[in-house]
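One structure below.
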């Protein structure tokens with residue numbers, strides 16, 4: 014058998030051909046089901062406002078042939094100046110969430126059975142109007158309540174107006190996680206209701222008492238920008254940050270020093286610092302004499318009681334530590350003491366540090382701006398006789414359950430998830446005959462509703478958000494970057510249509526054809542004011558041109574009117590009630606059976622207020638702990654070792670209120686007698702990325718409402734922890 | 014020839030992960046899901062890695078945003094058998110997806126572990142396909158990918174500059190992560206341009222690069238915390 | 217040739233068990249194929265691989281199988297070049313291993329590729345700077361060389377088969393493969409030359425293969441990969457595991473094909489010694505590798521080091537040390553366990569240990585990257601286990617098919633050994649022993665008194681007495697020496713027979729040469745010691761002295777090339793010769 018060269022070439026040729034074809038076929042086989050990117054097309058950038066939190070960042074959406082492919086920060090917005098946080102970046106996963114509610118739904122099974130039927134908008138709106146009218150006819154309109162997510166703009170005013178027109182005082186704003194500061198102390202001690210602005214960028218020294226300063230503080234992107242400046246941006250001298258908390262959070266990691274402090278002792282520690290400042294005469298005499306009262310009494314009690322040795326005994330921190338921090342705080346001015354929204358009296362003790370060194374009402378300290386904002390919808394003139402069912406959203410569930418002072422006939426829920434983030438709302442909701450949800454997502458709360466009238470997502474909506482910066486006030490204008498992609502409807506429009514349907518006074522007090530009309534109504538009023546449209550300083554003629562320019566630039570801004578801070582009242586800090594309360598924080602629960610404190614910490618990616626069926630955020634929960642998707646409990650390695658727990662083990666965390674099962678994570682950044690669980694996961698929605706994922710640590714909180722402020726205290730629960738298999 | 018350099022000021026960085034998510038959105042990174050994340054298959058071209066030193070209570074941590082280092086002397090390109098990863102003319106280490114055979118040699122050779130592999134055919138829920146960035150291709154199963162310094166943005170910036178009849182200016186081209194950084198801790202630019210901010214910053218006494226001792230010559234610089 | 221029938225038995229009648237085992241192996245292979253299709257369809261996500269453990273079972277198997285491949289061809293070539301006679305019945309079974317496992321090694325690379333459909337890119341866009349391309353080149357070269365090296369000595373056997381089989385298809389098959397082999401002297405000369413060339417060529421290629429495999433790791437800067445010792449370390453490990461594999465496979469085919477006569481304890485013993493040497497070398501390299509790492513104590517390296525010594529991979533690491541060294545050392549050093557089964561046990565232990573070694577080199581380095589990511593955790597999935605089982609099953613299956621098609625012991629080489637082996641060895645011994653310049657023919661007395669077998673004892677006694685000599689050679693009609701009668705034979709008519717060294721060696725290889733000495737009688741033929749202790753004319757003085765010392769005899773009969781009596785060397789002749797020197 015002779016093999017010629019030609020044969021050889023033939024064989025090689027056939028082989029090569031077969032190999033190539035085979036590979037091509039294999040490629041097709043392997044790439045089956047692969048996704049191709051939709052084609053490029055005409056590109057538009059549409060400005061709007063982010064809706065992932067209440068921070069009010071301006072955004073610009075990159076829209077290609079009706080598809081939104083990217084969100085960037087709006088460079089013209091004074092809030093975020095072209096930047097955006099992780100949540101803002103993930104906004105497309107809100108819009109294109111595959112598990113969104115796509116049309117109005119009527120529940121057909123029992124509550125919680127998750128059985129729904131799609132209905133038309135007319136039917137849905139008609140039914141709500143009819144039910145509300147029925148209640149109104151019975152003369153008990155106060156038994157209609159509404160819980161709204163935190164909104165800083167016209168939508169809030171519209172809802173408020175609607176409830177007033179209806180005749181109910183029960184319009185509740187969900188506590189805003191971005192308000193996690195000593196806002197209660199400021200309002201009590203200085204009598205100021207507006208939002209204080211912490212001028213972080215100009216401060217030289219910041220003492221953070223467990224504040225989520227660079228996680229979820231105030232308007233987060235703005236705060237982070239200010240933090241960048243605080244750290245030497247803008248050619249400024251670098252500021253120093255000390256973080257005091259039981260857990261080493263991102264703020265603690267980024268701080269120059271982390272001081273681990275037992276939960277509940279923040280107030281005492283602050284008073285210890287105040288003691289040193291007073292004793293060493295480091296305080297601002299001018300400010301104290303001109304802007305405060307009650308200093309002498311305060312001084313006397315402090316010098317007597319809160320000596321470094323006493324503070325050291327309570328906090329288990331070395332005396333030197335207190336003295337050192339006090340001296341730094343008083344000498345690196347302007348400095349700032351920032352609390353989280355804990356017990357009122359602890360907030361007050363911490364806030365008194367700001368007063369001692371005069372960091373109130375000036376640059377680098379706490380600034381107060383005139384409130385409310387520069388424009389408003391006219392409020393209705395109806396007077397409401399009834400008192401609200403509850404003073405704080407946190408006590409709402411108790412009031413509903415007890416039917417005292419009265420029961421509820423209907424509950425409307427907008428832009429929040431109270432069954433997740435308020436204690437005991439599950440049980441309370443059972444006693445409410447009619448629940449309407451406006452949620453675009455099937456979250457824990459929506460699942461108990463009788464009707465769901467799904468809102469658009471923020472990228473499909475009109476709206477406005479009022480925000481404050483150190484330089485002034487800004488109003489971001491939210492406009493739809495694309496038409497609603499499903500049969501959803503902006504809740505503002507729905508409310509107006511309900512009002513029209515109900516007729517009578519209510520229709521009359523809600524005269525706008527659409528929410529957009531209402532919005533434009535209030536925006537037009539801005540023209541008379543001294544501010545300017547984003548990016549344009551002057552030269553706009555006529556109302557329409559003004560509006561157009563605002564839509565094109567994304568908003569409107571005006572310089573601040575600074576408000577004189579109210580007189581600071583030292584009396585209250587050391588009132589007998591306060592002193593009792595400081596001690597209360599120290600004696601928590603049953604130490605023998607529940608030897609550990611439960612700390613609940615914040616994640617920058619999950620506020621726990623809105624819904625997170627957003628996989629990019631679930632993948633990157635937090636940078637310091639390599640966990641994703643699921644919840645975990647942080648345990649000091651020493652504590653873990655003693656209990657035979659190592660990272661990855663399933664453990665049970667048990668309090669008097671209940672128990673939860675989750676994964677353990679040994680972490681050097683947590684005190685040995687504290688365990689910490691992140692807040693925001695376990696929202697019990699039905700989305701594919703939040704269904705049966707994570708646990709909500711608030712389920713085992715022993716309910717502790719700080720009576721003076723109505724705040725839910727999240728760090729006083731005692732727990733024990735053990736391996737789930739033993 | 015430009016030399017693109019990224020500078021990350023750790024003192025200003027808040028580890029908020031905006032860069033991480035911005036990168037994912039910009040570059041059509043597939044969603045891993047809980048199970049695949051658990052199996053460490055998650056893709057994040059930009060990632061924040063925690064360094065932890067010491068023990069409680071004297072514990073210090075450092076959070077480091079970590080894109081591809083775009084080494085001038087990349088260990089990954091050296092080992093590629095098919096020229097599917099190579100150092101581009103302006104110093105960006107490129108990946109050629111249609112050529113990659115998926116041997117994962119480069120992923121194993123990278124001392125920074127910044128290269129990622131597509132363990133599955135990337136898929137998105139139908140709805141989410143709409144959000145894919147048309148400037149960036151979706152990678153098929155079985156190939157390696159990594160941070161590209163958003164090189165597609167460079168192309169667009171070039172085209173735009175050319176259309177406007179001018180040279181590329183500082184700030185015309187910045188990656189998605191740098192653009193979104195809320196605390197303005199990230200800088201990007203041409204270090205060969207003496208007027209650029211980065212050319213100044215990399216001379217700072219605070220400047221350092223990751224694993225400098227192994228001679229990879231990264232083009233990502235960090236400015237250390239503190240004064 | 218009844219003895220050789222046993223070598224053809226697997227080809228003629230493999231038996232039912234053969235088909236049952238082949239069936240089972242085929243099923244495993246089909247299952248593995250299904251697993252591979254699953255992997256192709258769903259991507260490598262069906263494996264347990266992840267970031268940073270990008271490589272796992274497949275690459276481990278790749279290195280492991282390529283390592284095993286060093287057994288056959290390399291060892292065969294070394295033995296061939298050094299003319300180790302005993303190799304002849306074992307080389308084929310070893311060479312087959314090489315060819316098969318090389319193929320399987322390459323398959324493992326394909327399994328590991330994310331885009332096997334683009335494998336041709338290596339040709340289209342190949343970068344010669346990539347160690348992976350070196351691998352490819354060196355492995356394909358080795359594979360080609362090994363196939364040729366297996367095929368060349370197979371040709372005469374294929375010709376035997378061609379002449380042996382009756383049915384047409386097989387005849388056709390063997391006819392093509394035998395490429396016209398007729399066994400002429402010219403053909404034989406060419407074949408021997410070709411084999412010799414291949415034997416020399418194959419050695420550097422084999423060494424390069426595993427060196428280059430080690431370079432895949434050593435050329436990176438990853439902790440505990442970047443090591444200059446890796447080349448030789450891998451080669452030693454490869455030969456080590458290869459020999460172990462040969463022993464196991466030889467023991468199996470010896471048992472199932474009843475080749476006890478061909479694969480004899482001496483083969484195992486010799487391989488066992490080699491195995492122990494390699495075990496020591498392996499330990500030496502391992503010690504070098506880890507001790508240097510430990511002393512330099514670079515943190516990055518130490519992370520990997522401790523993950524092996526005390527961490528997540530400690531159980532595998534120490535199991536490796538036990539299976540690679542402790543168990544084999546105990547079994548191989550101890551005389552009582554140095555049996556075939558003992559050596560097979562040692563070999564199995566080593567095979568497992570060397571697989572673990574590959575795993576322990578690859579995974580912990582990847583799992584402990586330089587930057588503080590979460591440590592990688594790797595658990596292989598059913599797909600990887602299936603494909604690994606498939607590899608072993610495919611190997612077994614192909615090996616069986618080979619034995620079904622070709623004799624697993626080289627028939628012609630054994631035949632040749634039987635015919636010329638003894639002579640060759642003697643020639644060789646002569647080559648290196650000193651004192652060869654004084655030869656028997658120079659010192660022997662040529663006038664020799666000899667007797668015929670028929671000569672009576674009395675006659676002999678007279679001859680001895682009259683010539684004052686102590687013995688006489690017994691010759692036949694052709695003057696060929698068939699025995700010796702000495703004084704003691706006459707006196708005791710019986711003498712204990714002992715073999716010379718040369719005879720001993722000869723007996724091991726060609727057992728049928730061994731014959732018992734003849735016993736008492738009345739004629740020379742009956743009482744003579746036979747065969748006579750003879751030496752050829754060319755025998756050196758040293759050799760003669762050795763024979764005399766060892767045999768405690770007084771004279772040696774010297775014969776010419778065809779065995780005819782040429783002279784006799786007595787002790788006094790030797791004394792005189794030494795005096796002359």
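Residue numbers (this note's numbering), protein chains in the order written: chain A, 14 to 739; chain B, 14 to 240; chain C, 217 to 797.
Each residue gets a CB set at the ideal place from its N, CA and C atoms; glycine is no exception.
Who are the neighbours of residue 336 of chain C on chain A, taking C-beta pairs under 8 Å?
Locating residue 336 of chain C in the third chain gives position 120, where the first residue counts as 1. In chain order: 32, 33 and 36.
For the stretch 98-119 of chain B, list every residue whose C-beta sits within 8 Å of some C-beta in chain A, in sequence order.
none
Residue-level contact to chain A via CB, residue 235 of chain B, 8 Å cutoff
Mapped onto the second chain, residue 235 of chain B falls at position 222. False, the Cβ-Cβ gap to chain A never drops below 8 Å.
When we look at the beta-carbon of residue 693 of chain C and count the other beta-carbons within 10 Å, is it buried (16 or more) or exposed?
Here the question's residue 693 of chain C lines up with position 477 in the third chain. So residue 693 of chain C ends up on the exposed side.
Between residue 497 of chain A and residue 473 of chain A, what straight-line distance do the alpha-carbon atoms span, to the nearest angstrom?
Position 484 of the first chain, counting from 1, holds the residue named residue 497 of chain A. Position 460 of the first chain, counting from 1, holds the residue named residue 473 of chain A. In a straight line, the C-alpha of residue 497 of chain A is about 5 Å away from that of residue 473 of chain A.
Members of the stretch 158-169 of chain B near chain A, C-beta cut-off 8 Å
none
Within 10 angstroms of its Cβ, does residue 241 of chain C collect 16 or more other Cβ (buried), or is it exposed?
As a working note, residue 241 of chain C is residue 25 in the third chain. By the neighbour-count rule (16 or more Cβ atoms within 10 Å), residue 241 of chain C is buried.
Does the beta-carbon of residue 531 of chain C have 16 or more other beta-carbons within 10 angstroms, so that it is buried, or is it exposed?
Residue mapping note: residue 531 of chain C aligns to position 315 of the third chain, counting from 1. The residue in question, residue 531 of chain C, is exposed, as its Cβ has fewer than 16 Cβ neighbours within 10 Å.
Take residue 211 of chain B and list the residues in its own chain whose beta-carbon comes closer than 6 Å to its own, dropping the five residues that flank it on each side.
Counting from 1 along the second chain, the entry for residue 211 of chain B is found at position 198. Answer for residue 211 of chain B: 18, 20, 200, 202 and 204, listed in chain order.
Please report whether the beta-carbon of residue 328 of chain C lies at a distance below 8 Å from any beta-carbon of chain A.
Position 112 of the third chain, counted from the first residue, corresponds to residue 328 of chain C. No, residue 328 of chain C lies away from the interface with chain A (no Cβ there is under 8 Å from its Cβ).
Could you have a look at residue 754 of chain C and say whether DSSP puts it in helix, strand or coil?
Here residue 754 of chain C corresponds to residue number 538 of the third chain, with the count starting at 1. Residue 754 of chain C falls in the coil class under three-state DSSP.
For residue 504 of chain C, which residues of its own chain have a beta-carbon under 7 Å away from its beta-carbon, when the five flanking residues on both sides are left out?
As a position in the third chain, residue 504 of chain C is number 288, starting the count at 1. Cβ within range, chain order: 445.
In this structure, how does DSSP classify residue 397 of chain C when only helix, strand and coil are distinguished?
Start at 1 with the first residue of the third chain, and residue 397 of chain C comes out as number 181. Here residue 397 of chain C sits in coil by DSSP.
Near residue 54 of chain B, what residues of its chain come up, given a Cβ to Cβ distance below 7 Å and the 5 sequence neighbours on each side ignored?
To locate residue 54 of chain B, count along the second chain from 1; it is residue 41. Once the five neighbours on either side are set aside, the close Cβ partners of residue 54 of chain B are 45 and 132.
Could you work out which residues of chain A lie near residue 393 of chain C, taking near to mean beta carbons separated by less than 7 Å?
Position 177 of the third chain holds residue 393 of chain C. Those do not exist, as residue 393 of chain C stays about 11 Å from chain A at its closest Cβ, beyond 7 Å.
So, is the C-beta of residue 128 of chain B closer than 8 Å to a C-beta in chain A?
Here residue 128 of chain B is taken as the residue at index 115 of the second chain, counted from 1. By this cut-off, residue 128 of chain B is not an interface position.
Sorted by chain position, which residues of the same chain lie with C-beta nearer than 8 Å to residue 326 of chain C's C-beta, five sequence neighbours on each side aside?
Sequence index remark: in the third chain, residue 326 of chain C carries index 110 (1-based). These residues qualify, in order along the chain: 332 and 335.
Can you tell me which of the three DSSP states residue 53 of chain B falls into?
Residue 53 of chain B sits at position 40 when you count from the first residue of the second chain. Residue state, collapsed to three classes: coil.
Assuming residue 289 of chain A and residue 335 of chain A make a contact with CB atoms under 8 Å, what is their CB distance in whole Å?
As a first step, residue 289 of chain A is located in the first chain; it is residue number 276 there, counting from the start. As a first step, residue 335 of chain A is located in the first chain; it is residue number 322 there, counting from the start. Their Cβ separation, rounded to whole angstroms, is 6 Å, which keeps residue 289 of chain A and residue 335 of chain A in contact under 8 Å.
Using only alpha-carbon positions, find the residue among B:239, B:114, B:90 and B:128 that is nearest to residue 104 of chain B.
Your numbering for residue 104 of chain B matches position 91 in the second chain. For the residues B:239, B:114, B:90 and B:128, the minimum Cα distance to residue 104 of chain B belongs to B:90.
Could you say which of C:567, C:419 and C:524 lies nearest to residue 539 of chain C if we only look at CA atoms?
By 1-based counting over the third chain, the position of residue 539 of chain C is 323. Among C:567, C:419 and C:524, the Cα nearest to that of residue 539 of chain C is on C:567.
Tell me which residues share the same chain as residue 148 of chain A and place their Cβ nearer than 7 Å to its Cβ, disregarding the 5 neighbours each side in the sequence.
Locating residue 148 of chain A in the first chain gives position 135, where the first residue counts as 1. The answer, listed in chain order, is 154, 156, 157, 422 and 423.
Which residue or residues does DSSP assign as beta-bridge partners of residue 350 of chain A?
Translated into the one-based positions of the first chain, residue 350 of chain A becomes position 337. Per DSSP, A:220.
Report yes or no: is there a C-beta of chain C within less than 8 Å of the C-beta of residue 385 of chain A?
Mapped onto the first chain, residue 385 of chain A falls at position 372. Here residue 385 of chain A scores only 49 on pLDDT, less than 50, and its place in the model should not be relied on; the value that follows carries that caveat. Not an interface residue.
Identified DSSP bridge partners for residue 614 of chain A
Numbered from its first residue, the first chain carries residue 614 of chain A at position 601. According to DSSP, which records beta bridges pairwise, residue 614 of chain A is partnered with A:691.
Applying the 10 Å Cβ sphere with the 16-neighbour rule, what's the burial state of residue 700 of chain C?
For the purposes of this step, residue 700 of chain C is taken as residue 484 along the third chain, with counting starting at 1. Counting Cβ neighbours within 10 Å, residue 700 of chain C comes out buried, since at least 16 surround it.
Spatially closest choice to residue 29 of chain B from A:80, A:114 and A:237, by CA coordinates
Against the second chain, residue 29 of chain B aligns to sequence position 16. Ranking the options by Cα distance to residue 29 of chain B, first place goes to A:237.
Apart from the five residues just before and just after residue 269 of chain C, which ones in its own chain have a Cβ nearer than 8 Å to its Cβ?
Against the third chain, residue 269 of chain C aligns to sequence position 53. Closer than 8 Å at the Cβ level, and outside the excluded window around residue 269 of chain C, lie 579, 582, 583, 592, 593 and 594.
For residue 173 of chain B, the first and last residue of its enclosing alpha helix (DSSP H)
By one-based count along the second chain, residue 173 of chain B stands at place 160. Looking at the DSSP string, the run of the alpha helix (DSSP H) that includes residue 173 of chain B is 164-176.
Return the residue from the list A:405, A:537, A:680 and A:308 that minimises the CA-CA distance to residue 68 of chain B.
On the second chain, residue 68 of chain B is found 55 positions in, with the first residue counted as 1. Of the candidates A:405, A:537, A:680 and A:308, the one whose C-alpha sits nearest the C-alpha of residue 68 of chain B is A:680.
Using Cβ-Cβ distances below 8 Å, what residues of the stretch 193-210 of chain B are close to chain A?
193, 194, 195, 196, 197 and 198
Compute the Euclidean distance between the alpha carbons of residue 368 of chain C and residue 303 of chain C, then round it to the nearest angstrom.
Taking the third chain and counting its residues from 1, the one referred to as residue 368 of chain C is at position 152. Taking the third chain and counting its residues from 1, the one referred to as residue 303 of chain C is at position 87. Rounded to whole angstroms, residue 368 of chain C to residue 303 of chain C spans 16 Å at the Cα level.
Through-space distance from residue 538 of chain A to residue 468 of chain A, alpha-carbon basis:
Your numbering for residue 468 of chain A matches position 455 in the first chain. Your numbering for residue 538 of chain A matches position 525 in the first chain. Rounded to the nearest angstrom, the two C-alpha atoms are 27 Å apart.
Output needed in chain order: residues of the stretch 42-64 of chain B with a Cβ under 9 Å from some Cβ in chain C.
49, 52, 53, 54, 55, 56, 60, 62, 63 and 64
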